[in-house]
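Position one of the sequence shown corresponds to residue -11 (this note's numbering), numbered consecutively onward.
Just so it is clear, CB atoms sit at the ideal spot from N, CA and C, and this is done for glycine as well.
All of these numbers come straight from a predicted model, not from anything done at the bench.
What follows is a set of notes on a single structure, which appears directly below.
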Amino acid sequence: MLAPTDAIRIGRATEGEIQSPLAKAGGFAYAIIQDPVGASGSFPGTSDRTPSSMTHYVDGFAFPVLRAHLDEYERVASLIAGVWKEHGALDYAEWLGDDLNVEGTRPFTDALGVTEDEVVVFGWITFESREARDRIHNKVATDPRVTEWMESADIGFDPSRMAYGGFKPLIRR
C-alpha cells in the first residue's frame, strides 16, 4: 500500500526497495517506491483518494544541464520554482538523473542528446486543473523576475533541447 508521501522512481531496484509486479516479471517498468518530500511533508493530492483528486493536471519536463553550471542552475531554478508556487502551482519538483540506463528502454540521455559533460533534469509542476495551468503559465511567462533571473544567470539552458508537455490523469493509486 502506498503512503501519502510515496512516489515512483524508474530505475533498477536496490536491496530493500519495493518493485512493481512488472519489474519483478522483467517487464518495461522498474518501479521503486520512494518518499520525495520526507515523512513530515505531503505529495499534493495523494492523501485524497476521491475522484476529485484525479482532476489535477501536471506539466512534465526533462532537459540537459551542463555539470559545470549545475550549482547556478539550481539557484535560479529554486527562485523560479517559488514564482510558480506564488502564482498558484500546487507542487514544483525537479530531480537529477541517476540511474538512466535501464536495459530494454530508451535512456533519457539518448532521447535528449545528452553529452558526457551534462546531466538530465527531470521535473513536474502540479496544477489544480488544466485551466489553472493555462492561467498560471501566462502569469509566470510575464513575470519580470523570471526574465531577469534567466538573462542574468550563466546556466546554459537551451529550451530547444527540453521535452515538455501537459498531462491529464490516467491512473492514480
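Quick one: using the 10 Å Cβ neighbour count with 16 as the cut-off for buried, is residue i buried or exposed?
{"i": "T130", "result": "exposed"}
{"i": "D47", "result": "buried"}
{"i": "I159", "result": "exposed"}
{"i": "D79", "result": "buried"}
{"i": "Y61", "result": "buried"}
{"i": "R121", "result": "buried"}
Do residue j and residue i come within 9 Å of each other at the CB atom, strictly closer than that value?
{"i": "V109", "j": "P52", "result": "yes"}
{"i": "A50", "j": "M150", "result": "yes"}
{"i": "A81", "j": "G111", "result": "yes"}
{"i": "Y45", "j": "G144", "result": "no"}
Of the choices the options, whose alpha-carbon is the least far from that of residue i?
{"i": "L67", "options": "F145, S117, I159 and R133", "result": "R133"}
{"i": "L54", "options": "G153, K73, D79 and L84", "result": "L84"}
{"i": "W72", "options": "W137, I113 and G154", "result": "I113"}
{"i": "M138", "options": "T43, V64 and D87", "result": "V64"}
Consult DSSP for residue i and reduce its assignment to one of helix, strand or coil.
{"i": "E106", "result": "strand"}
{"i": "P95", "result": "coil"}
{"i": "G48", "result": "strand"}
{"i": "G70", "result": "helix"}
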